[in-house]
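Numbering (the working numbering), first residue to last: 1 to 275.
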């Protein structure tokens, strides 16, 4: 089989790493504006545009690693998946607890879920599975570990969303107004999402493919932004900021100190293989 390994440590990779570092710092600093400046009526389209743009680095590296067809399938699955899960959650309170989205994110699918949620979940699940695959190739370990990483990410994202009133909990809980059911529900959703992604990518159920860690670039940018917001907002969100700094360090380690990744290929019998 002809090698299609992506060269990770050449000039192009160095430029890409520099850009990710610069943008991560820029997002961290720019979050001060969100924490301290009211943008008024522009908040709807700005918030939605931000979500879409933030997803693009992850999509780009997924396309380079997995190819067009596999990328299109993954984006279709994880565009629909969060819309359905959150619509059920808002309608029934399961699995997260009772909550609803405010008007800040614009048009809502089914009258319940902002359309931009279709672009918000996929970079997170792609990033968490990319990181998990750097630590283990055992699917039964990688999938729950990916879910735990997403729970850790939500320890950062959800308090910021509550402060900004992007969504509102009907029965506030002990963690910055967030009920603990949110995190048990998020672990369940993240486990299911990680398993779906694994089944889409893997040759066998037992072995997880080693995903190019740069697929976690959007997760890195999101962590930088919301960690910065947690520090700049008043009063500061101390626990989310601390978790965010740890997650940023963890994510940056695997992105910037990566081995040469390999593209997914399709064998003659239709199996997924990594060259």
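Every residue gets a Cβ at the ideal spot worked out from N, C-alpha and C, and that includes glycine.
As the structure is a prediction and not an experimental result, all values here were calculated from the model.
Item: Distance between beta carbons of residue 48 and residue 105, contact taken as under 8 angstroms; Value: 6 angstroms
Item: Exposure of residue 102, with buried meaning 16 or more beta-carbon neighbours within 10 Å; Value: exposed
Item: Beta-carbon proximity list for residue 115, same chain, < 6 angstroms, skipping 5 on both sides; Value: 107, 109
Item: Nonlocal neighbours in the same chain, by C-beta distance under 7 angstroms from residue 191, ignoring five residues either side; Value: 143, 144, 147
Item: Between the CA atoms of residue 245 and residue 255 - distance to the nearest angstrom; Value: 15 angstroms
Item: Residue 217, buried or exposed, once every other Cβ within 10 Å from all chains shown has been counted against 16; Value: buried
Item: Beta-carbon spacing of residue 220, residue 252 below 9 angstroms; Value: yes
Item: Residues near residue 113 by beta carbon distance below 6 angstroms, same chain, minus five either side; Value: 83, 86, 87
Item: Separation of residue 97 from residue 13, as counted between CA atoms; Value: 43 angstroms
Item: Residues near residue 132 in its chain [Cβ-Cβ closer than 7 angstroms; skip 5 each side]; Value: 142, 145, 146, 149
Item: Reduced DSSP secondary structure (H/G/I, E/B, other) of residue 268; Value: In this prediction, residue 268 has a pLDDT of 40, which is less than 50 and means its spatial position is unreliable; nothing more can be read from the coordinates.
Item: Option nearest residue 74 by Cα separation, candidates 121, 234, 225; Value: 121
Item: Cross-strand partners of residue 138 (DSSP beta bridge); Value: 207
Item: Sub-9 angstroms separation of residue 152 and residue 247 beta-carbons; Value: yes
Item: Secondary structure of residue 95, DSSP reduced to three states; Value: coil
Item: Residue 223 and residue 176 closer than 9 angstroms at C-beta; Value: no
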